[in-house]
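Chemist:
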Amino acid sequence: MTQPVAMTEVWRGTLLESLHLGHAVICDDTGRIVQSWGDPRATVYPRSSCKMIQALPLITSGAAAKYGLGPEHLALACASHSGAAIHTDRVAAWLEHLGLGDDDLRCGPQEPGDMAARDALILADTVPCQMHNNCSGKHSGFLTMAQHMGAGPEYVEIDHPVQQACLAAFEEVTGEASPTYGIDGCSAPNFATSLEGLARAMAWFATAGDRSDRQSAAARQLTAAMMRHPELVAGEGRACTELMRAMNGRAAIKTGAEAVFVAIIPGKRMGVAVKIADGATRASECAIAAILVQLGVLEADHPATRRFMNAPLLNRRGIDCGVIKPAAGFP
Numbered sequence: 090m091t092q093p094v095a096m097t098e099v100w101r102g103t104l105l106e107s108l109h110l111g112h113a114v115i116c117d118d119t120g121r122i123v124q125s126w127g128d129p130r131a132t133v134y135p136r137s138s139c140k141m142i143q144a145l146p147l148i149t150s151g152a153a154a155k156y157g158l159g160p161e162h163l164a165l166a167c168a169s170h171s172g173a174a175i176h177t178d179r180v181a182a183w184l185e186h187l188g189l190g191d192d193d194l195r196c197g198p199q200e201p202g203d204m205a206a207r208d209a210l211i212l213a214d215t216v217p218c219q220m221h222n223n224c225s226g227k228h229s230g231f232l233t234m235a236q237h238m239g240a241g242p243e244y245v246e247i248d249h250p251v252q253q254a255c256l257a258a259f260e261e262v263t264g265e266a267s268p269t270y271g272i273d274g275c276s277a278p279n280f281a282t283s284l285e286g287l288a289r290a291m292a293w294f295a296t297a298g299d300r301s302d303r304q305s306a307a308a309r310q311l312t313a314a315m316m317r318h319p320e321l322v323a324g325e326g327r328a329c330t331e332l333m334r335a336m337n338g339r340a341a342i343k344t345g346a347e348a349v350f351v352a353i354i355p356g357k358r359m360g361v362a363v364k365i366a367d368g369a370t371r372a373s374e375c376a377i378a379a380i381l382v383q384l385g386v387l388e389a390d391h392p393a394t395r396r397f398m399n400a401p402l403l404n405r406r407g408i409d410c411g412v413i414k415p416a417a418g419f420p
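Our numbering runs 89 ahead of the 1-based position in the sequence shown.
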């Protein structure tokens with residue numbers, strides 16, 4: 090097996106303090122690899138980077154149309170949000186529209202990443218609920234599908250019709266049979282694939298405008314929703330939100346736990362998948378930014394780019410101590 094390669098360096102002063110290795114793949118409109126680093130056949134859990142794939146059946150089943158879901162709902166279905174009010178208020182309204190509530194979710198409570206939301210909970214002397222979970226939008230989509238299907242409430246079980254629909258969509262767009270699955274942080278199954286398969290799926294999303302089938306139409310809606318509402322896909326200060334804003338509709342990107350990152354680039358008719366071997370998010374953010382710069386869809390000197398690539402390391406007093414940057418020769 091090809092070994093991971095150096096992708097992100099962390100310098101402090103004149104010393105290379107840390108080095109992150111990983112794998113990455115770029116696929117074209119035919120699904121073939123046009124460039125790769127490390128092992129393109131490495132088997133990975135996409136984690137939250139594949140939420141747009143998991144959201145395909147929400148549309149193709151007819152559930153999204155039946156319940157009047159719009160771009161904001163679809164962006165939330167693809168989101169790993171920060172639990173800010175703009176996220177939880179919309180999730181609450183979505184569940185209410187379904188005649189459901191927080192107890193119907195199966196993602197578990199999570200302290201919000203958004204500081205204002207966290208402070209509000211402390212001031213109210215209350216605890217986070219499941220709607221604060223970063224995956225509550227995805228789970229609202231699952232509940233919408235389950236209700237539309239007339240299926241049972243335990244929608245995260247592997248044999249539930251919702252998860253079987255997600256598996257079928259996953260294997261179709263990756264072009265591979267998933268070898269296994271793991272249980273994600275939000276309790277839903279997460280299906281494994283090769284990194285090449287994940288990049289191929291993103292290229293399939295990028296070229297959805299070429300096709301007129303129902304699945305491709307759903308892919309177009311989801312990609313457009315993510316690019317239209319980057320603030321709902323993640324949150325203020327987060328890489329997905331900040332970099333999508335900087336690209337202004339040129340790409341949809343999505344992170345996943347354990348340093349996975351993907352990109353859908355319609356204008357280039359390409360898909361990208363990145364996995365950092367040690368699971369460091371700072372490294373995957375830098376690596377995906379570097380690839381997007383190389384592909385010409387992200388400006389290297391944009392302030393948002395500089396937050397994640399060639400980013401200064403500031404200490405507690407604001408002193409510039411070093412830099413996080415792409416490794417020499419990458420990409």
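Backbone N, C-alpha and C define an ideal beta-carbon position, used for all residues, glycine too. None of the values given here were measured: they were computed from a predicted structure.
Verify whether the separation of the beta carbon atoms of residue 196 and residue 162 is less than 8 Å.
Modeler: On the sequence shown, position 107 is the one that residue 196 refers to. On the sequence shown, position 73 is the one that residue 162 refers to. No.
Chemist: Report all residues from its chain with a CB closer than 7 Å to the CB of residue 152; omit the five preceding and five following residues, and keep chain order.
Modeler: In the sequence shown, counting from the first residue as 1, residue 152 sits at position 63. Counting only Cβ-Cβ distances below 7 Å, and skipping sequence neighbours, we find 233, 234, 237.
Chemist: Is DSSP giving residue 95 helix, strand or coil here?
Modeler: Numbered from 1 along the sequence shown, position 6 holds the residue referred to as residue 95. Correct three-state label for residue 95: strand.
Chemist: To the nearest angstrom, report how far apart residue 291 and residue 314 are at their CA atoms.
Modeler: Within the sequence shown, residue 291 is the residue found at index 202, counting from 1. Within the sequence shown, residue 314 is the residue found at index 225, counting from 1. The straight-line gap from Cα to Cα measures roughly 15 Å.
Chemist: According to DSSP, is residue 350 part of a helix, a strand, or is it coil?
Modeler: For this step, residue 350 is matched to residue 261 along the sequence shown. DSSP places residue 350 in strand when its eight states are reduced to three.
Chemist: How is the alpha helix (DSSP H) around residue 312 delimited, first residue to last?
Modeler: Counted from its first residue, the sequence shown places residue 312 at position 223. Residues 303-317.
Chemist: Spell out the partners DSSP gives residue 278 in its beta bridges.
Modeler: Counting from one through the sequence shown, the residue named residue 278 turns up at place 189. Its beta-bridge partners are 272.
Chemist: Less than 8 Å between the beta carbons of residue 393 and residue 347, yes or no?
Modeler: Taking the first residue of the sequence shown as 1, we reach residue 393 at position 304. Taking the first residue of the sequence shown as 1, we reach residue 347 at position 258. Their beta carbons are not under 8 Å apart, which means residue 393 does not touch residue 347 by this criterion.
Chemist: Would a C-beta distance cut-off of 8 Å place residue 364 and residue 133 closer than the cut-off?
Modeler: Stepping through the sequence shown from its first residue, residue 364 is reached at position 275. Stepping through the sequence shown from its first residue, residue 133 is reached at position 44. Residue 364 is a Cβ neighbour of residue 133, given a cutoff of 8 Å.
Chemist: Which first and last residues belong to the alpha helix (DSSP H) in which residue 205 is found?
Modeler: If you number the sequence shown from 1, residue 205 lands on position 116. First-last of the alpha helix (DSSP H) with residue 205: 204-212.
Chemist: For residue 320, which residues from the same chain have a beta carbon less than 7 Å from its beta carbon, with the 5 sequence-adjacent residues on both sides left out?
Modeler: Numbered from its first residue, the sequence shown carries residue 320 at position 231. Closer than 7 Å at the Cβ level, and outside the excluded window around residue 320, lie 175, 330.
Chemist: Cα separation between residue 248 and residue 307?
Modeler: Locating residue 248 in the sequence shown gives position 159, counting from the first residue. Locating residue 307 in the sequence shown gives position 218, counting from the first residue. Their Cα atoms are separated by approximately 23 Å.
Chemist: For residue 211 and residue 112, what's the separation of their Cα atoms in angstroms?
Modeler: The residue you call residue 211 lines up with position 122 of the sequence shown. The residue you call residue 112 lines up with position 23 of the sequence shown. One C-alpha to the other measures close to 41 Å.
Chemist: Can you look up residue 291 in the DSSP assignment and give me helix, strand or coil?
Modeler: Numbered from its first residue, the sequence shown carries residue 291 at position 202. Here residue 291 sits in helix by DSSP.
Chemist: Just list the residues that DSSP pairs residue 112 with in beta bridges.
Modeler: Indexing the sequence shown from 1 puts residue 112 at position 23. Paired residues: 364.
Chemist: Between residue 354 and residue 214, what straight-line distance do the alpha-carbon atoms span, to the nearest angstrom?
Modeler: Sequence index remark: in the sequence shown, residue 354 carries index 265 (1-based). Sequence index remark: in the sequence shown, residue 214 carries index 125 (1-based). For residue 354 and residue 214, the distance between alpha carbons rounds to 44 Å.
Chemist: Report yes if the C-beta distance between residue 181 and residue 226 is below 8 Å; otherwise report no.
Modeler: Reading the sequence shown from its first residue, position 92 is the one you call residue 181. Reading the sequence shown from its first residue, position 137 is the one you call residue 226. Contact check for residue 181 against residue 226 fails: the beta carbons are separated by 8 Å or more.
Chemist: Would you kindly report the start and end of the unbroken alpha helix (DSSP H) that includes residue 330?
Modeler: Residue 330 sits at position 241 when you count from the first residue of the sequence shown. Element bounds for residue 330: 328-336.
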